Structures are given as structure tokens and as C-alpha cells.
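Reading through the C-alpha cells given below for one structure.
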Amino acid sequence: MNQTFDLKDGWALRSRPDDHTTASTGALWPAVHRFIDAHRQEGHRFAALDPTGAACSLDLGALAPERFGLQPADPLTTDGSSWEGAADVQTLDRQLKAAYCGALALDASAVRDETRRAWLHARMETPATAVPPTTAQRLLERLVQAEAWEHFMAEHYGHGKRFSLEGCEALVPLLDALFEAAAGRGIRYCFMGMPHRGRVNVLANVLGATPATLLGYFESDPAHPELIHDLVYHLGADHEVATAHGAIEVTLAPNPSHLQSVYPVVMGMAHAFQSGQPHEDRRQAALPLALHGDAAFAGQGVVMETLALTQKPGYTVGGTVHVIINNQVGFTEPNPMDPQAARYCTDITRMVDAPVLRVNADVPQALLRAAAIAVDYRMAFGADVVIDLIGYRRLGHSEHDVPMLTNPRHQPRCDRKSSVVALYAAELAATGVVPDAPAFAEQCRAAARARFAEPGRPTAEAPAPQAQAGVEALPLSRTGLQAAVAAMTRLPQGFESHAMVRELIARWQSAMHDADGRTDWCLAENLAYASLLAAGIDVRVSGLDVQRGTFMHRHAVWHDQAGRHDPFVPLRQLPNAARFEAVNSVLSEEAVLGFEYGHSVQARKALTVWEAQFGDFVNGAQVFIDHYLSAGEEKWGQASALTLLLPHGYEGVGPEHSNAWLARFLALCGADNLRVAYPSTAAQLFHLLRRQATAAERKPLVVMTPKSVLAKEAGSHCSIDQLVAGTFEPVLQEAELAAYAGATRVVLCSGKLYYALERARREQGRTDVALLRLEQLYPFPAAELARVLAAFPALRTLVWAQEETLNQGAWHFVRDDLAAALPAGAALACAARPVTASGATSSHQLHLHQERELVQRALGVPEDAGH
């Protein structure tokens, strides 16, 4: 008989005339192979994994030997040897059920590589060793501590939300086992992210937070409320976890209530740390550990983006161990696994071929094996692996919720279930492993409660900002910049560059050596990086198409047109320089910006840059702008110097690729949290990037960068002397100040609008209007602006001019600061495009008409002039 799997009927028998698998003919092996493969491939669908029994696993009868044309008594020996250590089918059946259909099950259906599947099968088919009594006692003790914390909090702080771990208390010993396994493989650092569910419990029982500190967050009348900057279940931690194999330093990243957002952040932190270690193998340098809730993991798009991202060179982390805290429900919406249809919350990981180890949270000893297999798999293949910790949620989404309102069928199962502590203690006592297990559990409970109740300062500690990594101002010289260009343009023998690159090389060399040579934006940016690299500061530029740049404005990587050479990276040719990376990301903003934020937090002595393909694409990463970049330091003491380059400018190409949403960033500014700049010259960009990398205070920098129109504006280019001798100027004044000293009207603007204003003023021969540029919008340079305005004693009108619409530019955010800077008797006005909902027009003709009107209003020219 031959047997194949039928999705409707299970393992069904189908006869073929030429197939005679009977014991009498000795032709059992094809049927035995199918029997084994069925367990390997589908065993997880038959396993008893749900502690509540709600999930409808397939009937084990479908995996009975008889369904494969085998009989339990059929012998499996040939010439005295046995098959898989089993002398007969009955023994093999028992072994396969234990390996694949127990409390720990393997779902390797996504793993396409045969070598990896064979490795996993070998591990699963190796019989589990008996857990020593001391280990069993420790497991029970850790479960008691996890449970006792929840009960202690419920008794003393019932009013507070803690997002209880009850139903998945096994997470605590699982983390212990993961750290033990990692340390046993020589890993000494772990970067970890997790959602709110069970976070306070983990802080108290795993990551060394003192109970008094945590409890201070739950006090109804805390002694020092000014020290509490975020909710306790958002907090991070740094703790040295002791293991039998030595300590492992664990960093738990803080995160907001956008649960999965911390996932790419942790990946960026791990990547940055690994890059700075002597280990060439990222697997050995640090372990990324990502915990997820089942509903969020299945539903949040950033999960898919991050999974894809970490498979790409430049973003790899040597594999991630994922743990799903799977209580099979979201807030109110059930999210059950479906073995019948083989649908699980982990299905998204199929895209990275990740195996899934599904484990019953009520069977603690299975956790040890799951942790060991997961860490060993990651170390063997440098690939992602998932532990699906299947438990339940005894309480509601929070402790004040009423789950029976929306889950009346499933919640009673959770309510009446015995706890994992009671079940495991009874099992240990019944088997004689720990005869006095219930009494031992009570001793552990009393000790835990005493520790939780220890007196201490019951208040939160103010988040301590990370140590700043500023350095002294870096020296610059003409010869140094010339040498950098020489090294960057020295191509390998036989390298056939593109004609545009050959022209670029000629321009770069002219800029360095010719009296009338000019440095454009492309060269200015590359030279800024070169000067930092020469000073030992790493530079990383990441985002969509950043190697070339959307507008062909960077050219950080050159390609041999004949295909004989590897890509040429000019900034890697500098002698004795730091590390430079220009990495094209996957087509994503959210995960990539999250990753680079994490990188910037960890790589404190590097310049980390993320560039949007177009400025409006930052919309896709708004969570990280609002909750990490703008507030991470105040909430968590997490300093970041991430630099955002956002191409911005109205050019008549429509709303979508014109607007980097400057107003949104300015709305987030406060308490010295961000730097927002809008440079109008190549020299300003050069100095701005250098200042960002060497600043004593590390703050995120948001830069409105030029698109093609400004990048090609000859007036925005500079000489080498402006690079060597200059510095970043928050306010740029007239180059020929004396010619406009009698101006009665001063127009202040940012970006490329300056050049349209300057051309119109020159054409009209106006000397009564002075033009100033506000290059830094936040922190607002009030002192610098007041000093510059003092040069115009006849000033009567200060005009703020912006190319954006009135409702989408900087006007509403700079208006008060401008009013405060006005000399006595002067008036304040604004020239902007009319208010619209969408922003820039998609008609080039209308764009030019709007710009003429805007310039005329700014300069004080009658609206009908020039028509």
C-alpha cells in the first residue's frame, strides 16, 4: 500500500498496483519512510500544545501505523541492525510521537534547506534527557517567583495596570534557559525587545530591577512624580545575568505602546554592537532576542519589513531568536492557532524560512529543550528561529478588563485552569523527582513575597542620559581635502567607470585644484564624511538607493561598466580611516528608520544617517519620529544622534514628492529634543554634518535636503576655502552687507526659495530689500538673528517667506520667535503659498506662477508687476 497526505481526509491510503509494502516481502521501507516523514512534517498539528485544550489538534489516529500499511509488530531489523533505534514499528511509533507530537513540537514546513531540516530532525529525534532534581527545583522556584509577583501586585496595587503574565509564567524560566544556552555557546551580550505583557515581571524577576523601584510607579501618590517620565511597562534595563557558563550582559530596549516598533530598534542595536566587536562572526558577538505578542506579531507590518531587512547585507544580525508570548487573543479579538488548517500567528516567518518550536507553557521541562535547540540552530546557521510559547491569558488585556464580555466561550477555560505552579509541583511530587514539591513551592513563595516587600525608595529613578560621545572640533586643511579627493578618485587598473562618473571625477579634481573650482553638494557631502573617517569616526548611510542617491546626488558607490571589478567605494580608499557604510535598504521606511535609530543609540561614536528617497516617505515611519526620535531621551534617557536627510522642495511635481513635512517636525520640537536644519549651500551641509558627528550633546538631526533644482543651483556651490575656513551658520546674512545696509525690508527664508528671491531682486535692481537665510529652525537661533537684524537700522518690515503653503511650512512655528526679534517699530509679515489640503501643485506652469507671485509679495512688488 502507498500513502499520501490529503488535506481533507488526512493521511489516506491509496493503492498502486506495483506497490506491495508487506512484512512478508520485506518491502517495508517506503512505508516506514512515509510514516517518519509524516511525523516530521505534520506532527506539530497533532501535538497537545494548548494548555486550555481549546485548540483542535488533529486526531492522532491519522498518524497510526496502520494508516501507512504498517502493523505495530512489524520488525524493523535488517542483518541485526535496527531502524532509528527501534526494533519494530510499535517502538518507532512511540519514539516519533514523543519527538514530534508532545509538549514540544517542530514546525519546519518553512525551511527549504535540506541540511537545516536534517539538523532539526536529528535534534528532535534525540531523546530528551531526564531533568535532574536540582534543575526541576529551580524551574519550580522560578515559576513560583513569576506567579508570586503577579499575586503580590494584585493584592497591593490592584489599581495599577501591569499587563499580567498569568497564563504564560513559563516565560521567566524560558528566558533563563535562553541565557544559559547562549552563555554556554560563548555569547556574552544579548539585545532584547519585548511588549508590555509580562514586562514588569521580567524586570523584577530576570533583569535585576529592584521591586521598590518598580512599585514606585504604581503608587497613587508618588513622592517624586517629576522623576516618572514613562509607564513602568515601557522601561528598558541593562543587567548582567549570571549563568553556569559565566555572565551575559542583557540590554532590554525601552519601547512605547506601539508594541512591535521595538523589534527593528533591537536589530539595529545588535548590528551596531556586532560591527564594533573583534568577532568576525556576528553570531558570536551578540544574541538578538525579540519577544512578541501573538496578535501583534501576526498583524503588524513592521514585523514583515524587519524580517526582510535583517536578511539583507548591511543589516544582518547573525540570526534572531524570536519568542511569541502566545495567549491566543489580542485585546478583545480571539487569535487562536488552527492546527486543522495549519494556520498560526507565526506564519509570517515563513518568508525567512524560520523553523518554529511550539511549546506548551504548562510543561516547563519542554522549555529547556526548546531554548537549547533554538540557540544551537541560530549558532549553526546564523538564521532566525521562533519559539511559540503557547499559554493563555488568565485576566483580561489589562487587569481591569472584563474578558467575559467578548470571550465568553474561552475565558471560563482560563478561569478554571490550575496554574502551572500547581501542575508542575504535583507532577514533581507524583514522579518522585521532588517529593516535597508543594511544600518547596510554598517556601519559594514566601521568600519571593518577602523580597518584593523589602523596604526601599519606592520611587522611579530619573532616566539617566547615556554618556555623550562628543569630540573636539576636527581640524581641516586644504591639503587634507585634496588628498582625500585624490584617494577617492584613484580607480583600480582596468576599472571602466561610467561617463557620468568620469565627469564627476573631473569636477571633483577641479574643485580641489583650480582657482575657480566649485564644490557641489555631492562633493561637499562626501568630503564631510571623508574628514570624519580620517578622524576615526565611523559613518553609516542607509536608506532607499542611498549609494547613488535619488537625484544622483551622492555617488558613494561606483560600478565597473565592464563587470570585471567589484563595486568601488571611494570613501573606503582613504588611508587609516574608520569604517564607512553606504547601504541600500529594502523598500521600507518604518523598519529601516527603526533599525537606524537603534544603530545610532548603540554606535555612540559614529555618524548614523538615514535618507528618505523623497522627504514625504518619512510618513511611513511616523511611529519612530513621534515616540523615539523626539521623546526617547526624555522618556528613557536614550540619547540618539541619528541624522535624517529628507529631500524637500516644491518643484511642480505634485504633493507626494515635494514635502518632507517640516511643520510636523517643528511641532514635535521642545525641551531641546531635536535639531532641525534647512541648509541652502553645499558648504552649510558640509559643516552641518561635521557638527552633528562631533557635537558634545547627541541629539537627532532632521535636515531638509535639496532635490535636483537646488543641487544644480550654481550659486549654492562653494569654494574649497569655504569648507576649510568656514563653520555652520544658523543664520546666513548678505555676502555684500554694505550694499544693503539701508534696507527697510528684510526677507527671511529657508532653502532654495532664496535663489528665486535673489534673482528677482537683482533683476529689479533693489537695494532696499535685504535677504537673510534661516538655516537652523530649531533650536531657534534667536541671538544670531537679533545680531544680524541689528545691521539694518532702517528696518520697517520683516517678511518671513516660505515656498510651502501657509499651513505646511515653518511660519506658525517661527512666528513668535520672529516677533520677539523685531526691532521697535518694525512689522512682521508672511509670504507663502495659499492654504491647501494637499500641498504642492502637480502643474509646472502653475508652480512657476505661484512662485512669481510669492516672490513679488515677499519683495514688496505689486502683484501685477511683470504680467
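End of the sequence shown = 867 in UniProt numbering, gap-free, step of one. Where a beta carbon is used, it is the ideal one built from N, C-alpha and C, also for glycine. Quick caveat: nothing in here was measured; it's all calculated off a predicted structure.
- Query: My guess is that Arg507 and Ile720 are in contact by the Cβ rule of under 8 Å, so how many angstroms apart are they, rounded?
  - Reply: Position 507 of the sequence shown, counted from the start, is the residue given in the question as residue 507. Position 720 of the sequence shown, counted from the start, is the residue given in the question as residue 720. Between Ile720 and Arg507 the Cβ distance is about 13 Å, and since that is not below 8 Å, they are no contact.
- Message: Please classify Lys312 as buried or exposed, where buried requires at least 16 other C-beta atoms within 10 Å of its C-beta.
- Response: The residue given as residue 312 occupies position 312 in the sequence shown. The residue is exposed, with fewer than 16 neighbouring Cβ atoms inside 10 Å.
- Item | Span separating the alpha-carbon of Gln300 from that of Glu758 | Residue 300 sits at position 300 when you count from the first residue of the sequence shown. Residue 758 sits at position 758 when you count from the first residue of the sequence shown. Taking the straight line from one Cα to the other gives about 49 Å.
- Starting from the C-beta of Glu125, find all residues in its chain whose C-beta is less than 6 Å away, skip the five residues before and the five after it, and write them out in chain order. Locating residue 125 in the sequence shown gives position 125, counting from the first residue. Taken in chain order, the residues that qualify are Ala99.
- Task: Please list, in chain order, all residues of the same chain as Ala660 whose beta carbon is under 6 Å from its beta carbon, the five residues on each side excluded.
- Result: The residue given as residue 660 occupies position 660 in the sequence shown. For Ala660, where only same-chain residues beyond five positions count, the Cβ hits under 6 Å are Gly615, Leu646, His648, Met704.
- How long is the line joining the alpha carbons of His849 and Ala794, rounded to whole angstroms? The count along the sequence shown starts at 1 and reaches residue 849 at position 849. The count along the sequence shown starts at 1 and reaches residue 794 at position 794. Those two C-alpha atoms are separated by around 31 Å.
- Message: Please report the distance separating the alpha-carbon of Pro211 from that of Ala204.
- Response: Working through the sequence shown from its first residue, we reach residue 211 at position 211. Working through the sequence shown from its first residue, we reach residue 204 at position 204. Going from the Cα of Pro211 to the Cα of Ala204 covers about 6 Å.
- Met512 classed as buried or exposed, judged by whether at least 16 other C-beta atoms fall within 10 angstroms: Reading the sequence shown from its first residue, position 512 is the one you call residue 512. Buried: at least 16 other Cβ atoms inside 10 Å.
- Task: Taking only runs that begin and end inside the stretch 616-703, name each unbroken beta strand (DSSP E) of 3 or more residues, in chain order.
- Result: 643-647, 675-677
- Task: Kindly list the residues whose CB is nearer than 7 Å to the CB of Leu785, restricted to its own chain and excluding five residues on each side of it in sequence; keep chain order.
- Result: On the sequence shown, residue 785 is found 785 positions in, with the first residue counted as 1. So the list reads Val731, Ala821, once near-sequence residues are dropped.
- Where DSSP assigns a beta bridge to Ala829, which residues make up the other side? As a position in the sequence shown, residue 829 is number 829, starting the count at 1. Residue pairing of Ala829 in beta bridges, as defined by DSSP: Val799.
- Rounded straight-line distance, which links the Cα of Glu651 to that of Ser750: For this step, residue 750 is matched to residue 750 along the sequence shown. For this step, residue 651 is matched to residue 651 along the sequence shown. If you take the alpha carbons of Ser750 and Glu651, they lie about 15 Å apart.
- Whose C-beta lies closer than 7 Å to the C-beta of Ala577 among residues of the same chain, with five residues either side of it excluded? Stepping through the sequence shown from its first residue, residue 577 is reached at position 577. Once the five neighbours on either side are set aside, the close Cβ partners of Ala577 are Leu533, Ala534.
- Message: Rounding to the nearest angstrom, what Cα-Cα distance links Thr332 and His258 in this structure?
- Response: Locating residue 332 in the sequence shown gives position 332, counting from the first residue. Locating residue 258 in the sequence shown gives position 258, counting from the first residue. Each residue's alpha carbon lies about 17 Å from the other.
- Query: When burial is assigned at 16 or more other CB atoms within 10 Å of the CB, is Ser842 buried or exposed?
  - Reply: Sequence index remark: in the sequence shown, residue 842 carries index 842 (1-based). Flag for Ser842 reads exposed.
- Task: Check Thr21 in the structure and name its three-state DSSP category.
- Result: Residue 21 sits at position 21 when you count from the first residue of the sequence shown. Residue placement at Thr21 cannot be trusted, given a pLDDT of 40 that sits under 50; what the coordinates show is reported in the next sentence. Three-state DSSP puts Thr21 in coil, outside helix and strand.
- Item | Inter-residue spacing [alpha-carbon to alpha-carbon] between Leu474 and Val539 | Taking the sequence shown and counting its residues from 1, one reaches residue 474 at position 474. Taking the sequence shown and counting its residues from 1, one reaches residue 539 at position 539. If I take the Cα positions, the gap works out to 15 Å.
- DSSP beta-bridge partners of Asp50: For this step, residue 50 is matched to residue 50 along the sequence shown. Its beta-bridge partners do not exist; DSSP assigns none.
- Task: Please go through the same chain and pick out, in chain order, the residues whose beta-carbon is closer than 6 Å to the beta-carbon of Ala298, but skip the five residues on each side of it.
- Result: Taking the first residue of the sequence shown as position 1, residue 298 is located at position 298. Correct list, in chain order: Cys345.
- Query: Under a CB-based cut-off of 8 Å, is Asp388 close to chain D?
  - Reply: No chain D appears in this structure, which consists of one protein chain only.
- Where does the unbroken beta strand (DSSP E) through Thr608 begin, and where does it stop? To locate residue 608, count along the sequence shown from 1; it is residue 608. Thr608 -> beta strand (DSSP E) spans 607-611.
- Task: Within the stretch 159-190, note down every full alpha helix (DSSP H) run reaching 4 residues or more, in order along the chain.
- Result: 171-184
- Task: Return the residue from the list Arg451, Ala425, Trp811 that minimises the CA-CA distance to Glu442.
- Result: Looking up residue 442 in the sequence shown gives position 442. Checked all of Arg451, Ala425, Trp811; the closest Cα to Glu442 is Ala425.
- Message: Just verifying my parser: in three-state terms, what is the DSSP assignment at Ile228?
- Response: Position 228 of the sequence shown, counting from 1, holds the residue named residue 228. Coil.
- Query: Taking C-beta to C-beta, are Pro834 and Gly391 nearer than 8 Å?
  - Reply: Taking the first residue of the sequence shown as 1, we reach residue 834 at position 834. Taking the first residue of the sequence shown as 1, we reach residue 391 at position 391. It is not a contact, given that the beta carbons lie outside the stated cut-off.
- Query: Between the stretch 592-601 and the stretch 546-562, do three or more beta carbon pairs fall short of 8 Å?
  - Reply: no
- Taking only the alpha-carbon atoms, compute the straight-line gap between Ala840 and Ser658 and give it to the nearest angstrom. As a first step, residue 840 is located in the sequence shown; it is residue number 840 there, counting from the start. As a first step, residue 658 is located in the sequence shown; it is residue number 658 there, counting from the start. Approximately 7 Å, taken between the alpha carbons.
- Query: Rounded to the nearest angstrom, how far is the Cβ of Arg394 from that of Glu166, given a contact under 8 Å?
  - Reply: The sequence position of residue 394 within the sequence shown is 394, counting from 1. The sequence position of residue 166 within the sequence shown is 166, counting from 1. Indeed, because the Cβ distance is near 4 Å, the residues count as touching under 8 Å.
- Which residues in the same chain as Glu150 place their Cβ atom closer than 7 Å to its Cβ, once the five residues preceding and following it in sequence are excluded? In the sequence shown, the residue the question calls residue 150 occupies position 150. Same-chain partners within the cutoff: Ser164, Leu165, Glu166, Asn201.
- Query: Buried or exposed: which applies to His687, given that a residue is buried once 16 or more other Cβ atoms fall within 10 Å of its Cβ?
  - Reply: One-based indexing of the sequence shown puts residue 687 at position 687. Label assigned to His687: buried.
- Message: Are the CB atoms of Glu656 and Gly620 within a distance shorter than 8 Å?
- Response: By 1-based counting over the sequence shown, the position of residue 620 is 620. By 1-based counting over the sequence shown, the position of residue 656 is 656. In this structure, Glu656 does not lie closer than 8 Å to Gly620 by Cβ.
- Item | Cβ-based burial, Met404 [other Cβ within 10 Å; buried from 16] | Counting from 1 along the sequence shown, the entry for residue 404 is found at position 404. Exposed is the call here.
- Task: Under the assumption that Glu286 contacts Ala270 (Cβ atoms under 8 Å), give the Cβ distance between them as a whole number of angstroms.
- Result: Taking the sequence shown and counting its residues from 1, one reaches residue 286 at position 286. Taking the sequence shown and counting its residues from 1, one reaches residue 270 at position 270. Looking at the sequence itself, residue 286 is Ala, so the reference to Glu does not match. Contact flag correct, Cβ pair sits at about 5 Å.
- Message: Check whether the stretch 365-376 and the stretch 126-143 are in contact - that is, three or more C-beta pairs closer than 8 Å.
- Response: yes
- Query: To which residues of the same chain is Pro700 closer than 6 Å at the C-beta, ignoring the five residues directly before and after it?
  - Reply: By 1-based counting over the sequence shown, the position of residue 700 is 700. Within the same chain, Pro700 has close Cβ partners Leu629, Ser640, Leu642, Leu674.
- Task: Work out the CA separation of His39 and Val653 for me, nearest whole Å.
- Result: Along the sequence shown, one-based indexing puts residue 653 at 653. Along the sequence shown, one-based indexing puts residue 39 at 39. If you take the alpha carbons of Val653 and His39, they lie about 59 Å apart.
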